[in-house]
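Below is one structure, written out as structure tokens, with a few remarks after it.
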Amino acid sequence: MRQLCKGNVAIVKGAILAGCRSYYGYPITPASEIAEAAALLMPQVGGTFLQAESEVAAINMVYGAAAAGARVMTASSGPGLSLMQEGISYCAGAELPCVIVDIMRGGPGLGNIAPEQSDYFSMVKGGGHGCYRNLVLAPASVQEMADLTVLAFELADRYRNPTILLADGFVGQMMEPLDLEYREIPIPERPWAVKGTPETRKNVVNSIFLEPDDLEAHIRKLEAKYIRASQIECRSETFHTEDAEVLLVGYGIASRVLHSAVERARRDGLRAGFFRPITLWPFPKQALLDAAQNVSRILVVELSNGQMVEDVRLTIEGRIPVDFYGRTGGNAPSVEEVYSQVMQHLMAMA
Amino acid sequence: MAIDSKTSAKALEILAAGYQVSHSKSPAFYDTYERKGDCKHQTHYCPGCGHGVAHKLIAEALADLGLQDKTIFVSPVGCSVFAYYYFDVGNVQLAHGRAPAGATGIKRTCPEAIVISYQGDGDLAAIGTAEIIHAANRGEKITVFFVNNAVYGMTGGQMAPTTMLGQKTTTSPWGRRASNEGFPLHMAELIATLEAPVYVERVALSDNKNIMKARKAVRRALEVQRDGIGFSFVEILSPCPTIWAKDPVQARKWVAEKMIPEYPLAVFKDKAHEAIENRAIPQRSVQDVLEIRAKDDVPLTELPKHSHHAEDLRIKVAGFGGQGVLLLGQLLTEMGMREGLEVSWLPSYGPEMRSGSANCHVCLSQRRIGTPLVTRPDVLIAMNEPSLRKFAAQVAPGGLILYNQEHLPQDLHLPHARVLCIPASEIADKLGSSKAANMVLLGALLEATHCLLPATAEGVLTTKIKKADMLTWNCAALRAGREFMDNLTPDGTITRAH
Numbered sequence: 001m002r003q004l005c006k007g008n009v010a011i012v013k014g015a016i017l018a019g020c021r022s023y024y025g026y027p028i029t030p031a032s033e034i035a036e037a038a039a040l041l042m043p044q045v046g047g048t049f050l051q052a053e054s055e056v057a058a059i060n061m062v063y064g065a066a067a068a069g070a071r072v073m074t075a076s077s078g079p080g081l082s083l084m085q086e087g088i089s090y091c092a093g094a095e096l097p098c099v100i101v102d103i104m105r106g107g108p109g110l111g112n113i114a115p116e117q118s119d120y121f122s123m124v125k126g127g128g129h130g131c132y133r134n135l136v137l138a139p140a141s142v143q144e145m146a147d148l149t150v151l152a153f154e155l156a157d158r159y160r161n162p163t164i165l166l167a168d169g170f171v172g173q174m175m176e177p178l179d180l181e182y183r184e185i186p187i188p189e190r191p192w193a194v195k196g197t198p199e200t201r202k203n204v205v206n207s208i209f210l211e212p213d214d215l216e217a218h219i220r221k222l223e224a225k226y227i228r229a230s231q232i233e234c235r236s237e238t239f240h241t242e243d244a245e246v247l248l249v250g251y252g253i254a255s256r257v258l259h260s261a262v263e264r265a266r267r268d269g270l271r272a273g274f275f276r277p278i279t280l281w282p283f284p285k286q287a288l289l290d291a292a293q294n295v296s297r298i299l300v301v302e303l304s305n306g307q308m309v310e311d312v313r314l315t316i317e318g319r320i321p322v323d324f325y326g327r328t329g330g331n332a333p334s335v336e337e338v339y340s341q342v343m344q345h346l347m348a349m350a
Numbered sequence: 001m002a003i004d005s006k007t008s009a010k011a012l013e014i015l016a017a018g019y020q021v022s023h024s025k026s027p028a029f030y031d032t033y034e035r036k037g038d039c040k041h042q043t044h045y046c047p048g049c050g051h052g053v054a055h056k057l058i059a060e061a062l063a064d065l066g067l068q069d070k071t072i073f074v075s076p077v078g079c080s081v082f083a084y085y086y087f088d089v090g091n092v093q094l095a096h097g098r099a100p101a102g103a104t105g106i107k108r109t110c111p112e113a114i115v116i117s118y119q120g121d122g123d124l125a126a127i128g129t130a131e132i133i134h135a136a137n138r139g140e141k142i143t144v145f146f147v148n149n150a151v152y153g154m155t156g157g158q159m160a161p162t163t164m165l166g167q168k169t170t171t172s173p174w175g176r177r178a179s180n181e182g183f184p185l186h187m188a189e190l191i192a193t194l195e196a197p198v199y200v201e202r203v204a205l206s207d208n209k210n211i212m213k214a215r216k217a218v219r220r221a222l223e224v225q226r227d228g229i230g231f232s233f234v235e236i237l238s239p240c241p242t243i244w245a246k247d248p249v250q251a252r253k254w255v256a257e258k259m260i261p262e263y264p265l266a267v268f269k270d271k272a273h274e275a276i277e278n279r280a281i282p283q284r285s286v287q288d289v290l291e292i293r294a295k296d297d298v299p300l301t302e303l304p305k306h307s308h309h310a311e312d313l314r315i316k317v318a319g320f321g322g323q324g325v326l327l328l329g330q331l332l333t334e335m336g337m338r339e340g341l342e343v344s345w346l347p348s349y350g351p352e353m354r355s356g357s358a359n360c361h362v363c364l365s366q367r368r369i370g371t372p373l374v375t376r377p378d379v380l381i382a383m384n385e386p387s388l389r390k391f392a393a394q395v396a397p398g399g400l401i402l403y404n405q406e407h408l409p410q411d412l413h414l415p416h417a418r419v420l421c422i423p424a425s426e427i428a429d430k431l432g433s434s435k436a437a438n439m440v441l442l443g444a445l446l447e448a449t450h451c452l453l454p455a456t457a458e459g460v461l462t463t464k465i466k467k468a469d470m471l472t473w474n475c476a477a478l479r480a481g482r483e484f485m486d487n488l489t490p491d492g493t494i495t496r497a498h
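Sequence lines, in order, name chains A and B. With the first letter of the first sequence counted as 1, position 82 gets the number 82 in my numbering; the numbers rise by one all the way through. With the first letter of the second sequence counted as 1, position 12 gets the number 12 in my numbering; the numbers rise by one all the way through.
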């Protein structure tokens with residue numbers, strides 16, 4: 001049965017469905033509804049909600065709860081995520097599974113509270129110190145806000161690694177039908193956790209390896225996980241790519257605009273195709289190469305000055321021209337703007 | 001302190017002879033310490049360092065109180081970062097200053113565990129000031145041992161927030177000056193001013209008498225946690241001979257003669273169990289909380305798609321904050337969903353929510369909705385003049401504008417769209433609530449476009465509005481909007497019915 005639900009609220013519903021009963025966070029527009037929904041709902045299912053004194057404290061509460069074996073999450077927006085980077089690095093180093101939501105807003109600095117997609121670099125490329133990766137999922141609808149939250153918890157446990165849900169203010173603030181089906185989602189055992197019990201007494205959760213050889217071995221171990229994840233966890237969506245001449249690539253809210261633009265182009269007989277990464281890390285390289293096999297041009301659209309486009313270019317390796325169109329500051333490209341970009345590309349090719 | 005070759009050779013000699021620890025050692029310590037290679041009976045701490053004594057007092061208390069299996073020891077950044085090499089309990093290492101936040105997450109996850117946050121002065125009183133104050137103020141049921149030696153030990157003797165006036169360190173080479181670095185921070189006193197902490201004491205590892213007092217304080221603090229009473233905090237004045245460049249005896253003397261006058265030893269707080277209000281929150285099933293309902297358990301006006309649905313209808317609603325702009329959009333969206341359409345609603349948000357203008361985008365479609373942003377609306381519902389002026393030009397050719405006034409402003413010509421002027425606020429006023437103007441406009445929209453069924457609107461209102469009189473007003477306003485439209489002649493003027 002469908003319910004009309006806000007994207008931010010759907011995240012909390014997905015989390016509860018996934019068995020998460022621990023939320024630590026700090027309010028920030030446009031992510032505050034996540035904390036508000038968690039404050040309202042978590043305690044009603046026996047869970048914990050705690051408003052921390054800062055995002056720095058929040059991510060370390062997440063670290064502590066994860067170390068003690070909880071399925072745990074936090075959420076914020078760009079400025080808060082900047083503060084959390086230290087803790088995210090520690091979580092990755094100590095191999096603690098946790099889910100961190102970033103509802104992106106305009107930056108740098110205080111920027112504004114309008115939607116942007118400008119945290120791609122900081123979330124996908126790391127942001128904190130050290131050799132680590134975040135797994136990053138990019139929902140584009142309210143339904144995906146819930147579904148990918150469930151997946152985020154599963155991936156976090158599978159790889160004992162922080163998993164980021166990277167959405168923007170539009171997807172966080174919009175309402176759409178949400179269809180949730182109740183099911184028991186098994187939470188894996190965490191024999192490594194420290195729970196204050198005789199069985200877990202010998203366990204140590206830490207990220208310090210003072211000897212260079214020890215730290216290098218640890219980094220190799222992390223790297224092996226990342227290689228495994230990049231082989232099997234890539235997810236993406238395509239639409240009209242079979243005979244496309246121009247391939248439009250975007251994630252999150254930008255992909256919604258691109259979907260409309262491709263539909264319109266097809267109605268007008270123009271051969272445009274659509275590619276949407278759902279995992280931003282690992283980046284779905286093979287799927288993109290497959291989708292781009294017969295196209296003569298790629299247009300990447302983001303609500304940024306061009307961040308994901310770098311991964312598209314790394315994937316394409318110069319075989320096809322990859323162009324970029326972006327809007328920032330809280331402006332979103334309209335279907336008309338994207339359509340005229342497609343027209344320009346088709347004309348350039350003719 | 002580095003082990004020179006002579007000491008190392010001695011150590012090997014001892015090991016070769018099958019060295020056994022002859023003095024008693026708490027079972028809460030590991031049998032051997034792996035931190036320093038061959039010297040498995042030695043810690044990494046310097047001779048005369050207070051950490052060894054503090055560790056011993058804690059380990060003995062844990063063993064004596066029978067808490068070893070339940071304990072989770074949180075080690076900080078500082079010399080005690082390697083505490084997990086010594087304490088045979090669950091161990092979690094945390095970032096610099098963040099131990100009380102991490103301990104909070106641990107304790108909230110494992111309320112039965114004994115959670116110890118062991119921190120130095122740089123960790124607790126400088127970089128982690130916010131975390132310690134707030135953990136204390138929340139009354140987290142954890143125990144904090146705060147080892148104050150007036151310097152940063154591990155990084156080589158820089159100034160700490162507890163460095164004393166005039167004290168020379170590598171970053172206060174002329175001695176700490178109040179004019180430049182402020183005054184020493186008295187953490188025990190500061191924590192004791194808060195309401196929640198239950199037990200706060202300062203002790204010193206200066207001589208045997210004070211060490212025995214420290215022993216008692218450590219036990220008391222752990223008992224407070226064991227009994228679930230609340231937050232306990234023990235500040236331990238501790239010698240750091242290496243950084244202070246003193247021998248162990250001189251260093252202890254320095255604690256007694258220099259530190260204690262600055263940091264007086266006292267029990268600052270020892271509250272008997274004072275019950276803190278703890279209201280139980282009603283519990284519901286996951287399905288209930290997530291609003292997951294079985295398909296045959298839906299008391300809604302479920303209606304099949306009807307012939308009036310356009311393939312796509314993109315609507316913008318705009319007006320002043322407080323006119324129910326966002327709510328009107330949500331109602332349309334909910335109605336569309338109940339009629340089986342794909343729908344989306346996107347608000348303008350942020351400061352605009354609290355004053356000034358508000359608008360939202362609504363998409364109703366037979367197909368998957370691409371962009372939820374409505375840049376070329378088929379329908380504009382303008383609840384005030386600024387919204388009309390701002391968005392009218394965006395309306396798609398042949399689109400519809402519903403304007404909340406009897407007439408368009410005289411200077412405004414909108415030949416590209418069909419304009420319906422409806423004095424909705426006025427109509428709603430006469431019904432007794434000007435706040436229902438949005439419902440009048442909804443009624444008019446349904447009547448003008450047949451995009452969705454009025455019965456669906458009433459169904460949604462019935463499930464969303466709990467107050468009976470509010471529901472009556474809103475339904476009356478909805479009907480009034482429809483009736484107004486019925487009386488509107490095609491050229492946009494009104495046939496007054498008398």
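From the three backbone atoms N, C-alpha and C, an ideal C-beta is built for every residue, glycine too.
Pull out every residue of the segment 21-39 of chain B whose Cβ sits closer than 9 Å to any Cβ of chain A, in chain order. Along the segment 21-39 of chain B, there is no position whose C-beta sits under 9 Å from a C-beta of chain A.
Report the CB separation of residue 47(A) from residue 187(A) in whole angstroms; it is logged as a contact under 8 Å. At roughly 13 Å, the Cβ-Cβ gap does not stay under 8 Å, so residue 47(A) and residue 187(A) are not in contact.
On a Cα-Cα basis, can you pick out the residue from 28(B), 313(B), 175(B) and 413(B) that is closest to residue 379(B)? Ranking the options by Cα distance to residue 379(B), first place goes to 313(B).
Contact set for residue 323(A): own chain, Cβ-Cβ below 6 Å, skip 5 residues either direction: Beyond the five residues adjoining it in sequence on each side, residue 323(A) comes within less than 6 Å, by CB distance, of 299 in the same chain, given in chain order.
At least one CB of chain A closer than 8 Å to the CB of residue 227(B): is that the case? no
Given 8 Å as the limit, is there contact between the segment 57-76 of chain A and the segment 100-111 of chain B, that is, 3 or more CB pairs closer than that? Segments in contact, yes.
Rounded to whole angstroms, what is the Cα-Cα separation between residue 250(B) and residue 197(B)? 35 Å
For residue 406(B), which residues of its own chain have a beta-carbon under 7 Å away from its beta-carbon, when the five flanking residues on both sides are left out? By the criterion of a C-beta distance shorter than 7 Å, residue 406(B) is surrounded in its chain by 421 and 423, once the five residues flanking it on both sides are discounted.
Return yes when the Cβ of residue 168(A) is within less than 8 Å of the Cβ of residue 83(A), no when it is not. In this structure, residue 83(A) lies away from residue 168(A), with their beta-carbon atoms at least 8 Å apart.
Buried or exposed: where does residue 443(B) fall if 16 or more other Cβ atoms within 10 Å of its Cβ makes it buried? buried
What residues of chain A sit near residue 112(B), judged by a beta carbon separation below 8 Å? Listed along the chain, the chain A residues whose CB falls inside 8 Å of the CB of residue 112(B) are 196.
In three-state terms, what does DSSP make of residue 361(B)? strand
So residue 251(A) and residue 277(A) are supposed to be a Cβ contact under 8 Å. How far apart are they, rounded? 5 Å
Please decide whether residue 352(A) counts as near chain B, where near means a Cβ-Cβ distance under 8 Å. Because chain A is modelled from 1 through 350, residue 352(A) falls outside the range shown and cannot be assessed.
Looking at the ligand ADP, does it come within less than 7 Å of residue 82(B), judged from the CB to the closest heavy atom? What this structure holds is no ligand at all, so the ligand ADP is not there to describe.
Return the CA-CA distance between residue 242(A) and residue 369(B), expressed in angstroms with no decimal places. 22 Å
What is the rounded straight-line gap between the Cα of residue 233(B) and the Cα of residue 98(A)? Those two C-alpha atoms are separated by around 30 Å.
What are the start and end residues of each continuous beta strand (DSSP E) run of 3 or more residues lying completely inside the segment 316-404 of chain B, in chain order? 342-347, 357-365, 379-382 and 400-403
With H, G and I counted as helix, E and B as strand and the rest as coil, what does DSSP make of residue 244(B)? It is helical.
My understanding is that residue 463(B) touches residue 471(B), with C-beta atoms under 8 Å, so please give their C-beta distance in whole angstroms. About 10 Å separates the two Cβ atoms, so there is no contact after all.
Given that a residue counts as buried once 16 or more other Cβ atoms are within 10 Å of its Cβ, and exposed if not, what is residue 13(A)? buried
Against residue 71(B), what residues of chain A qualify as contacts under a CB-to-CB distance less than 7 Å, listed in chain order? By Cβ distance, chain A contributes 196.
Can you pull out the residues from the segment 271-295 of chain B whose beta carbon lies closer than 9 Å to at least one beta carbon of chain A? Going along the segment 271-295 of chain B in chain order, one finds 281, 282, 283, 284, 285, 286, 287, 288, 289, 290, 291, 292, 293, 294 and 295 with a Cβ nearer than 9 Å to chain A.
Would you call the CB atoms of residue 208(A) and residue 93(B) closer than 8 Å? yes
Select from 264(B), 240(B), 267(B) and 82(B) the residue whose C-alpha is nearest the C-alpha of residue 254(B). 240(B)
Comparing C-alpha positions only, which one of 177(A), 210(A) and 219(A) sits nearest to residue 92(A)? 219(A)
Boundaries of the beta strand (DSSP E) in which residue 239(A) is found, first to last residue: 236-239
I'd like the list of long-range same chain contacts for residue 106(A), defined as Cβ closer than 6 Å, with 5 residues on each side in sequence excluded. 112, 114, 116, 329 and 330
So residue 13(A) contacts chain B; which residues on that side make the cut at Cβ distance below 7 Å? Residues of chain B passing the Cβ test: 290.
With distances taken Cα to Cα, identify the nearest neighbour of residue 252(B) among 476(B), 387(B) and 238(B). 238(B)
Inspect the CB distances between the segment 61-79 of chain B and the segment 33-53 of chain A and report whether three or more fall short of 8 Å. no
Which same chain residues end up closer than 6 Å to residue 40(B) when comparing Cβ atoms and leaving out the 5 residues on each side of it in sequence? 32 and 33
Alpha carbon to alpha carbon, how far is residue 339(B) from residue 371(B)? 21 Å
Excluding the five sequence neighbours on either side, which residues of its own chain have a C-beta within less than 7 Å of the C-beta of residue 473(B), listed in chain order? 431, 432, 433 and 436
I'd like the list of long-range same chain contacts for residue 304(B), defined as Cβ closer than 6 Å, with 5 residues on each side in sequence excluded. Low local confidence applies: a pLDDT of 49 at residue 304(B) is under 50, so the model's placement there is unreliable, with the coordinate-based value given in what follows. So the list is empty, once near-sequence residues are dropped.
Kindly indicate if chain A contains any beta-carbon less than 8 Å away from that of residue 91(B). yes
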